[in-house]
Amino acid sequence: MILVDEPRWPGRGRLWSHLVSDVSYAELHAFAEMLGVPRRGFDRDHYDIPESRFPSAVWLGATLLPSRDLAARLRASGLRRPKHLVPRQAAPARP
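For the sequence shown, UniProt numbering gives the first residue as 1, with consecutive numbering after it.
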C-alpha cells in the first residue's frame, strides 16, 4: 500500500511530504513515476514530494497517515532503511 503524510516538512522554501510503500520499493517507484516525481526524490526508503504534488498523490490512491503512523508502518514492513545503515554514495567524479 502507498502511504503519504501531510506536507509539513520544510526545505528549500517549501513544504514536503513523505511517500512510502509498506509492500515493496518496486511499488513505491512505480507510484512515484505515475505521480511524475523524479527518481532523485528517492531517499533511502521514501520519496520526498513537494506540497504541490500532495493532492495528486492522494487522488491517485495514496493513503494519508500521520507521520508517526507512516513511520511505524514502514518499520513494520521491514522496508525502513535508517541513515546509519545505508552508506552514502560518493559523488560522481568531475572531468
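Backbone N, C-alpha and C fix where the C-beta goes; we use that ideal spot for every residue, glycine too.
Relative to the Cα of Asp43, the nearest Cα in the group Ser77, Glu51, Leu3 and Leu19 belongs to Leu19. Scanning Val4, Ile49 and Asp22 for the CA closest to the CA of Arg12 turns up Ile49. Under DSSP, Trp9 takes part in a beta bridge, and its partners are Trp16. Just measuring C-alpha positions, the residue of Met34, Ile2, Ser21 and Phe54 sitting nearest Arg8 is Phe54.
Rounded to the nearest whole angstrom, the C-alpha separation of Trp16 and Glu6 is 8 Å. In terms of CA proximity to Trp59, Phe31 leads the group Ala71, Arg75 and Phe31. Excluding five sequence positions before and after Leu28, the CB atoms of its chain that fall closer than 6 Å to its own CB belong to Ser21, given in chain order. Secondary structure note for Pro50: it is in no alpha helix (DSSP H), and the uninterrupted beta strand (DSSP E) holding it is His46 to Pro50.
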